[in-house]
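Enquirer: Quick note: the sequence shown uses our numbering, first residue 3, plus one each step. Note that beta-carbon positions come from the ideal geometry of N, C-alpha and C, so glycine has one too. Because the structure is a prediction, the values reported are computed rather than measured. Before I ask anything, let me first share the structure, which is written out below as structure tokens.
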Amino acid sequence: MPPLRTLLCLFLFSPSLLLAADTFSAAKREAREIYADNPSSFYCNCRYQTQGKKLVPDLASCGYQVRKQPRRAERIEWEHVVPAWTLGHQRQCWQEGGRKGCRQDPVFNRMEADLHNLVPAIGEINGDRSNFRFSLLGPSPQRYGRCDFKVDFKARKVEPPEAVRGEIARISLYMHQKYGLSMSPAQRRLLEEWHRRYPVSDWERTRNQRVAARQGDSNPWVSAH
Numbered sequence: 003m004p005p006l007r008t009l010l011c012l013f014l015f016s017p018s019l020l021l022a023a024d025t026f027s028a029a030k031r032e033a034r035e036i037y038a039d040n041p042s043s044f045y046c047n048c049r050y051q052t053q054g055k056k057l058v059p060d061l062a063s064c065g066y067q068v069r070k071q072p073r074r075a076e077r078i079e080w081e082h083v084v085p086a087w088t089l090g091h092q093r094q095c096w097q098e099g100g101r102k103g104c105r106q107d108p109v110f111n112r113m114e115a116d117l118h119n120l121v122p123a124i125g126e127i128n129g130d131r132s133n134f135r136f137s138l139l140g141p142s143p144q145r146y147g148r149c150d151f152k153v154d155f156k157a158r159k160v161e162p163p164e165a166v167r168g169e170i171a172r173i174s175l176y177m178h179q180k181y182g183l184s185m186s187p188a189q190r191r192l193l194e195e196w197h198r199r200y201p202v203s204d205w206e207r208t209r210n211q212r213v214a215a216r217q218g219d220s221n222p223w224v225s226a227h
């Protein structure tokens, strides 16, 4: 067995610990750099521009129509594909104080700041998605113009566009595997089916490499395919 001093050094100087953002705010700054040459919103593929500290989507570029929240539709937000609620709601800090109550929980902070799980989304879509689980909803009216994102608010489910289903699956499977999060058998079957049906894209590989360079770990659901 290696001496304690050796183990301590390995822990302290692990690349993932040295490079990883340790707060959500820091992770958002890193994410902006990762997407700097591919400024497109995740679900709707709207181009966006940097205006000072804000990221502003060009809604006309993807035919997006505002459903109800025009102010949030006018900005890009960094969405957790696996929602913060899923990451934290079973932790004691969340049960005592919600998301704010977990600010001093290093495990939650690490999950919340994981760059593999952050994507740029139109603010209204981020808000409407909430912590709803991914599903297939069948025929339903388009709420967001040409953006093929469907929400069943009553059932608390969302159906994402086909173009991002594979990426959603691989991000979700990575997060649940890495952090030991629970997942229903039905949700796992759906995500694994999406993983098989929708192959890894060139952008996914590029993004995975950029995250790994900053965070010290890659998503094996991407790198192995």
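Would DSSP call R69 helix, strand or coil?
Expert: coil
Enquirer: On a Cα-Cα basis, can you pick out the residue from T25, P141, P187 that is closest to A108?
Expert: According to the sequence provided, residue 108 is Pro. The question's Ala does not apply to it. Minimum Cα distance to P108 is reached at T25.
Enquirer: Ends of the alpha helix (DSSP H) at Q179?
Expert: Q179 -> alpha helix (DSSP H) spans 167-181.
Enquirer: Put F26 into one of helix, strand or coil per three-state DSSP.
Expert: helix
Enquirer: DSSP on H82, reduced to helix/strand/coil?
Expert: H82: strand per DSSP, three-state reduction.
Enquirer: According to DSSP, what are the bridge partners of L57?
Expert: T52
Enquirer: Quick check on E206: buried or exposed, where buried means 16 or more other Cβ atoms within 10 Å of its Cβ?
Expert: Label assigned to E206: buried.
Enquirer: Using only alpha-carbon positions, find the residue among C149, Q92, S132, M113 that is nearest to R49.
Expert: C149
Enquirer: Just to confirm, is the Cβ distance from W96 to L175 under 9 Å?
Expert: In this structure, W96 sits away from L175, with a CB-CB distance that is not shorter than 9 Å.
Enquirer: Consult DSSP for A226 and reduce its assignment to one of helix, strand or coil.
Expert: The three-state reading of DSSP puts A226 in coil, since its state is none of H, G, I, E or B.
Enquirer: For the alpha helix (DSSP H) that contains K102, what are its first and last residues?
Expert: Per DSSP, K102 belongs to the alpha helix (DSSP H) from 94-103.
Enquirer: Between the C-alpha atoms of Q106 and R31, what's the straight-line distance to the nearest angstrom?
Expert: C-alpha separation (whole angstroms): 20 Å.
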